[in-house]
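Residue numbers (this note's numbering), protein chains in the order written: chain A, 1 to 329; chain B, 330 to 658.
Idealized CB from N, CA, C, for every residue including glycine.
Remember, predicted model here, so these are calculated numbers, not experimental data.
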């Protein structure tokens, strides 16, 4: 079958509500800096009340990745669930406006479109409190087989291991992907996700996943080891490939016995790290879909991540394609 | 009566939807660069479809001014109408989060919260297409007498000359303000507003307004003259005071026979001029409420305007109070 998409992703469709915050504010609100916490409607209302004026932009981990793929000139599709409401309109618009296909039935009469309240401290760290709303109501029915079958790579967001129906949607997607010989990639998303679902994630990786994306905290938590090298040894043989991001230390790609060490791009000032991992995945996956070397994949990922941490918001603000050309990638 | 507010404003409560645009895009959409056009629901949907991914932030001219007053450390109140919907929640949150009072009943079961689709060209000019929605449904009942009576200055947004009920709300507000010996200020808002309502605006200025805010295009249109000096001569005697902004040429304050010429602050790069006039009014009005000299009023206005044109979005991103201190104001 011809491929229509370089990457098709399934993830939480979330509108980000971004505001600056002090460390003291995080303490007052009982928030762990750098983490992602799921919150209910009441807690979301209370936290939002305490936050300063914010800006609203489309976010969601895998959605950000598809935005990055599109910005790099790739063909992306995104499967996620928003409600029939204003923020759902915003989300759908922003996805379609970048040239990506947005797939999934709108939820009516239930929860509203999901929101992530993101407090960004002066060091650029983002602390996220996410009210999933409609996003948590993704079901297998939302997974359009024609989208999965037409994608070079199917990218799954670990956050969706929380709702059971979404996990069934993953199962449907991986079944379809396998049947069409597509690559399957999984992001571990967050160390708390790994804590909550370690066994299920390991089983899923063993049976379904070709490429694992993680940061250092997530990969060490997955294998319950203390150091990075042990995690690298552990991931070998469980997935064809793993790409582990390490902040300023760049990233490490594990592929069979080979290890590729990729330097981070220099960054003038870290403004907001939201979306860094998502954009790394965007660059990596698009380069992979285009058959480039793993070093090239890592470099394109690093470049995309560097752009997004230089400004507020989780998606590229310039054409990543032009930026890649400027960097000779 | 003791004053609780330095400035109370009445204006369109609008969420801005901001995206970058090319000049060709404006042409394709038949938009006049730098203008504000009122559009209906259908046109809004069509234009939004054609726009790239956008960010959503609270806006509205007088609302931006109150945000500026609060950022400068002043006490602000805002009267405006949003719907009972998500964007209405965002608007109310952002107003309360800056410490301003937000007054006005939420509209239920009718139009949604108003939106302004703002296309920003590379020269920093903003072209606005506004779907008023709930904002146009402001009525005299939304004007809380205790808010008007407790404000040093009542600031009215010229855009509200379009809906007749809003004009009646202005009449209620000015009546209350006069009875409590409050100053009344009016922004002309837009040269097309002036075109549409020239006679009504002139009558209103003659009978009710102490301070007129305008830019060069608006003031020359109001008096149907070709040059700035003729407009200055014309405005004398019609209002106690006029403050006219002239972009990079600074501003001119006309007060009786006196004219104060205020220089613009140097600006590194004009990113987005949205909110420049609103922030000028914020600095000017707060300084006036605090009994400062007219030169000081103009300088504080210029400083506030300079901050906002250096970034995307119509409201200050740093504490204007700290910025004023740094500038010795």
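Residue interval of the beta strand (DSSP E) (run including residue i)
| i | result |
| --- | --- |
| residue 215 of chain A | 211 to 215 |
| residue 127 of chain A | 126 to 131 |
| residue 38 of chain A | 36 to 38 |
Three-state secondary structure assigned by DSSP to residue i
| i | result |
| --- | --- |
| residue 376 of chain B | helix |
| residue 590 of chain B | strand |
| residue 530 of chain B | helix |
| residue 57 of chain A | strand |
| residue 253 of chain A | strand |
| residue 469 of chain B | helix |
| residue 486 of chain B | strand |
| residue 499 of chain B | helix |
| residue 400 of chain B | helix |
| residue 347 of chain B | strand |
| residue 431 of chain B | strand |
| residue 408 of chain B | strand |
| residue 335 of chain B | strand |
| residue 287 of chain A | helix |
| residue 416 of chain B | helix |
| residue 609 of chain B | helix |
| residue 31 of chain A | coil |
| residue 561 of chain B | helix |
| residue 440 of chain B | coil |
| residue 304 of chain A | helix |
| residue 244 of chain A | strand |
| residue 342 of chain B | coil |
First through last residue of the alpha helix (DSSP H) which encompasses residue i
| i | result |
| --- | --- |
| residue 511 of chain B | Premise fails: residue 511 of chain B is in no alpha helix (DSSP H) and is neither H nor E. |
| residue 115 of chain A | Here residue 115 of chain A belongs to no alpha helix (DSSP H); instead the beta strand (DSSP E) covers 114 to 120. |
| residue 26 of chain A | 23 to 28 |
| residue 326 of chain A | 320 to 326 |
| residue 602 of chain B | No alpha helix (DSSP H) contains residue 602 of chain B, which DSSP labels as neither H nor E. |
| residue 147 of chain A | 145 to 149 |
Neighbourhood of residue i by C-beta distance below 7 Å, restricted to the same chain and skipping five residues each side
| i | result |
| --- | --- |
| residue 50 of chain A | 29 |
| residue 567 of chain B | 534 and 535 |
| residue 647 of chain B | 636 |
| residue 267 of chain A | 306, 309 and 310 |
| residue 217 of chain A | 191 |
| residue 176 of chain A | 145, 148 and 149 |
| residue 557 of chain B | 545 and 549 |
| residue 501 of chain B | 469 and 472 |
Sequence-distant residues of the same chain with beta carbon closer than 6 Å to residue i, five excluded per side
| i | result |
| --- | --- |
| residue 373 of chain B | 460 |
| residue 481 of chain B | 332, 335 and 618 |
| residue 396 of chain B | 427 and 644 |
| residue 156 of chain A | 10, 170 and 186 |
| residue 174 of chain A | 184 and 208 |
| residue 242 of chain A | 212, 235 and 254 |
| residue 412 of chain B | 436, 441, 442 and 463 |
| residue 280 of chain A | 245, 301 and 305 |
| residue 222 of chain A | 194 |
Own chain, CB closer than 8 Å to residue i, minus 5 neighbours either side, in chain order
| i | result |
| --- | --- |
| residue 69 of chain A | 6, 7, 75, 76, 100, 282, 285 and 286 |
| residue 272 of chain B | Any answer about residue 272 of chain B is impossible in this case: the structure gives chain B only from 330 up to 658. |
| residue 599 of chain B | 452, 453, 638 and 639 |
| residue 588 of chain B | 561, 581 and 582 |
Next item on the list: Please name the residues in the stretch 358 to 388 of chain B whose beta-carbon is closer than 8 Å to at least one beta-carbon of chain E, in chain order.
Entry: You won't find chain E in this structure, because its protein chains are A and B.
Item checked: Stretch pair the stretch 71 to 82 of chain A + the stretch 404 to 415 of chain B: three plus CB contacts closer than 8 Å -> no
Item checked: Three CB pairs or more closer than 8 Å across the stretch 641 to 648 of chain B and the stretch 337 to 355 of chain B -> yes
Notebook entry, point to check: Would you call the stretch 432 to 439 of chain B and the stretch 620 to 628 of chain B in contact, with 3 or more CB pairs under 8 Å?
Noted result: no
Margin query: Is it the case that the stretch 34 to 44 of chain A contacts the stretch 244 to 257 of chain A, given that we only count it when at least three CB pairs across the two stretches are under 8 Å?
Written below: no
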